[in-house]
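Undergrad:
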Amino acid sequence: MTREGRLKLQQLDATYKAREEDVYLLGQQLGQLLADPPAMTSAAANASAAAELRTLLRNMTGLRPAAAGDSTQLLRLPSTYHFVPHLLLNPSISVALGVPTVNREDQSYLIATLQNLLEAMSQEEEELRIHEVFIAETDEEYILQVANDIKQHFEQEIECGLIEVIAPSPAYYPDLSQLRVTLGDSAERVRWRSKQNLDFAYLMMYSQPKAVFYVQLEDDILAKPHFLTTMKVTAYEKIANKQPWFVLDFCQLGFIGKMFRCVELPWLVQFFFMFYNDKPVDWLLDHMIYSKVCNLEKDNAACRKAKDELWVHCKPSLFQHIGTQSSLKGKVQKLKDKQFGKVKLFFPHVNPEATVVSEMNAYKLYTLKRAYAGETFFWGLLPQAGDHLNFKFKKPLFIKKYLFRSGNAEHPSDRFYNATVEVLPVVPIPEADNITTDGFIVVGKFDIKGKAEGAVNRKLGAIQELRLTIHSDSDNWAILSEIHIQPDDVR
Numbered sequence: 001m002t003r004e005g006r007l008k009l010q011q012l013d014a015t016y017k018a019r020e021e022d023v024y025l026l027g028q029q030l031g032q033l034l035a036d037p038p039a040m041t042s043a044a045a046n047a048s049a050a051a052e053l054r055t056l057l058r059n060m061t062g063l064r065p066a067a068a069g070d071s072t073q074l075l076r077l078p079s080t081y082h083f084v085p086h087l088l089l090n091p092s093i094s095v096a097l098g099v100p101t102v103n104r105e106d107q108s109y110l111i112a113t114l115q116n117l118l119e120a121m122s123q124e125e126e127e128l129r130i131h132e133v134f135i136a137e138t139d140e141e142y143i144l145q146v147a148n149d150i151k152q153h154f155e156q157e158i159e160c161g162l163i164e165v166i167a168p169s170p171a172y173y174p175d176l177s178q179l180r181v182t183l184g185d186s187a188e189r190v191r192w193r194s195k196q197n198l199d200f201a202y203l204m205m206y207s208q209p210k211a212v213f214y215v216q217l218e219d220d221i222l223a224k225p226h227f228l229t230t231m232k233v234t235a236y237e238k239i240a241n242k243q244p245w246f247v248l249d250f251c252q253l254g255f256i257g258k259m260f261r262c263v264e265l266p267w268l269v270q271f272f273f274m275f276y277n278d279k280p281v282d283w284l285l286d287h288m289i290y291s292k293v294c295n296l297e298k299d300n301a302a303c304r305k306a307k308d309e310l311w312v313h314c315k316p317s318l319f320q321h322i323g324t325q326s327s328l329k330g331k332v333q334k335l336k337d338k339q340f341g342k343v344k345l346f347f348p349h350v351n352p353e354a355t356v357v358s359e360m361n362a363y364k365l366y367t368l369k370r371a372y373a374g375e376t377f378f379w380g381l382l383p384q385a386g387d388h389l390n391f392k393f394k395k396p397l398f399i400k401k402y403l404f405r406s407g408n409a410e411h412p413s414d415r416f417y418n419a420t421v422e423v424l425p426v427v428p429i430p431e432a433d434n435i436t437t438d439g440f441i442v443v444g445k446f447d448i449k450g451k452a453e454g455a456v457n458r459k460l461g462a463i464q465e466l467r468l469t470i471h472s473d474s475d476n477w478a479i480l481s482e483i484h485i486q487p488d489d490v491r
């Protein structure tokens, strides 16, 4: 049997044992109720039993064996998995990626993070993983808003089961206003980190039966290309060499990029539940491993060595934290993983000579002229309806393709949301479709991901000017991280 086969067998065995225990406990409860038929008709029993259980008991007439036997053997009830079998372990899925997300005041990184994770994978890697997006909020309106946003951007991935979106019941959380204040933290910080512990536990419990490995991520990260293959190869090498490990760590910050075997997640979940009010989630992971391997009769060096065998730090880092707006209100998060390397914030190109003018004010030195020259990105302050970004070519030209990409890794929400791409032919075409009052012809627009890409029909002739037009006010600044105008030299 292959290494992957053995791991999947362990996962299936753990799932089977959990289901077997559920059936056994339910069988015991049913056995006690069936042992005394008159009690079943009493008002007290009916009042205490769940509606589903009462219905089941009323329909069990004649099912009890004549001889005293084990009534649990009769229990062959359909479960949730009979009706939604995709919730069971998919044999082709080897890695579940857990992405919790919460409401941030000024900036959302979730869509950009999911897009990056998808783009960082090959087709073969995509078939081996599932994304679990956990909206860790209880406000139904906000949950639906985020879910709809994800669906708009990733409808195909949701339809084929590569992305799942879940949210907790409000009853899942205790009264977070009544937590004990620990570690000298403020009550707000205690509430934030305690809830995060419960969020991670929920996501791990949901993901545990779905894959062989589980990777804890966050909603404001960047991943290196083919990160999934690197992680799987590392895990299988450790297993092949019979090296014990509990967590493979592919990022040096917080709880990002931590890889676990799904069969071992229940231990971690129970630890989180026991101590969620006491310490942050990454500290709890450290304490759990300490409890497993550290000998109190030995020194700290021996303990550290033993912990490093189970908590394996892998280099280089595969994930970078890009968010600056923390999920903790008022906290600015500027920590970066130095092992990840430099994050690309703009994509330079050689563009045709042009006079560049922006009606949007630029932030500091992030001007449109420098962005067009490939020196940096353009960062404009609060776009207003009617603003234009103009590129007037020194010599008229035929345009083969154009590409404008807005937003970047650190500021994914600073996009062009309602803007068009327009060209001005040398020879006016008054009968053209989509023509503006000043003679420009609309040839494209920015999509939901903040990108405008297309070609310009040669029938329009040589183009003397291209411009971007803003059609509505924005609450965000706007970044152009890529500007590429490709001339068509074919005459």
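The sequence shown begins at 1 in UniProt numbering and counts up by one. Ideal placement from N, C-alpha and C gives every residue a C-beta, glycine not left out.
Return the Cβ separation of H131 and L162 in integer angstroms, given the expectation that the two are a contact with Cβ distance under 8 Å.
TA: Indeed, because the Cβ distance is near 6 Å, the residues count as touching under 8 Å.
Undergrad: Can F213 and A167 be called in contact, C-beta distance under 9 Å?
TA: It is not a contact, given that the beta carbons lie outside the stated cut-off.
Undergrad: Identify every residue that forms a DSSP beta bridge with Q320.
TA: L222.
Undergrad: Taking the alpha-carbon positions, what's the C314 to Y173 distance?
TA: Using only the alpha carbons, I get a separation of about 34 Å.
Undergrad: Is DSSP giving R261 helix, strand or coil here?
TA: In the structure shown, R261 sits in a strand (DSSP, three-state: E or B).
Undergrad: Hey, how far is the Cα of L345 from the Cα of E410?
TA: The straight-line gap from Cα to Cα measures roughly 7 Å.
Undergrad: Kindly list the residues whose CB is nearer than 6 Å to the CB of K394, restricted to its own chain and excluding five residues on each side of it in sequence; keep chain order.
TA: Correct list, in chain order: E353.
Undergrad: Please work out which residues of its chain come closer than 8 Å, Cβ to Cβ, to V247, disregarding the five sequence neighbours upstream and downstream, and give them in chain order.
TA: Correct list, in chain order: K258, M259, F260, L285, I289, L310, W311, V312.
Undergrad: Run through DSSP, which three-state label would N300 get?
TA: The answer is helix: DSSP assigns N300 an H, G or I state.
Undergrad: Mapping the DSSP letters down to three states, classify W477 as helix, strand or coil.
TA: Reduced to three states, the DSSP call for W477 is coil.
Undergrad: Restricting to Cα atoms, I'd like to know which of P280, Y372, F347 is closest to K392.
TA: The residue with the shortest Cα to Cα distance from K392 is Y372.
Undergrad: State yes or no: is the beta carbon of Y402 nearer than 9 Å to at least one beta carbon in chain D?
TA: Absence of chain D from the displayed structure is noted, only one protein chain being present.
Undergrad: Can you find the residues in the same chain that come closer than 6 Å, C-beta to C-beta, to Q384, ignoring five residues on each side of it along the sequence?
TA: Excluding positions up to five away in sequence, the list reads D473.
Undergrad: As a quick exercise: from V95, T355, Q252, pick the residue whose alpha carbon is nearest that of P209.
TA: Cα-wise, what sits closest to P209 is V95.
Undergrad: Quick check on this structure: which residue in G407, T367, S358 has the alpha carbon closest to the alpha carbon of G386?
TA: Measuring from the Cα of G386, the nearest candidate turns out to be S358.
Undergrad: Can you name the residues that DSSP bridges to T469?
TA: Per DSSP, H388, T420.
Undergrad: Should S207 and L265 be called a contact, given that it needs their Cβ atoms to be closer than 9 Å?
TA: Yes, the Cβ-Cβ distance between S207 and L265 is below 9 Å.
Undergrad: Taking three-plus beta-carbon pairs below 8 Å as touching, is the stretch 421 to 430 in contact with the stretch 460 to 478?
TA: Judged by Cβ distances under 8 Å, the stretch 421 to 430 makes contact with the stretch 460 to 478, as three or more pairs qualify.
Undergrad: By Cβ distance, which residues of its chain are closer than 7 Å to residue 507, with the 5 residues on each side in sequence left out?
TA: Since the first residue of the chain shown is 1 and the last is 491, residue 507 is not available in this structure.
Undergrad: With a 10 Å radius around its C-beta and 16 neighbouring C-beta atoms as the bar for buried, classify N116 as buried or exposed.
TA: So N116 counts as buried.
Undergrad: How many Å lie between F378 and A478 at the Cα?
TA: Their Cα atoms are separated by approximately 8 Å.
Undergrad: Less than 8 Å between C-beta atoms, sequence neighbours within five positions excluded: which residues of the same chain meet that for K459?
TA: Counting only Cβ-Cβ distances below 8 Å, and skipping sequence neighbours, we find nothing.
Undergrad: For I441, which of helix, strand or coil comes out of DSSP?
TA: If DSSP states are grouped into helix, strand and coil, I441 belongs with the strands.
Undergrad: Can you tell which of F275, M204, A223 has the C-alpha that lies nearest to the C-alpha of V263?
TA: Of the candidates F275, M204, A223, the one whose C-alpha sits nearest the C-alpha of V263 is M204.
Undergrad: Take A223 as the anchor and find which of V343, E157, Q152 has the nearest alpha-carbon.
TA: The candidate whose alpha carbon is nearest that of A223 is V343.
Undergrad: Considering only C-alpha positions, which residue in the set A240, F154, N277, Q196 is nearest to G184?
TA: Closest by alpha carbon: N277.
Undergrad: So, at 7 Å on beta carbons, what are the nonlocal neighbours of P396 in its own chain, with the 5 sequence-adjacent residues on each side left out?
TA: Excluding residues within five positions, the ones whose Cβ falls inside 7 Å are V426, A462, I463, Q464.
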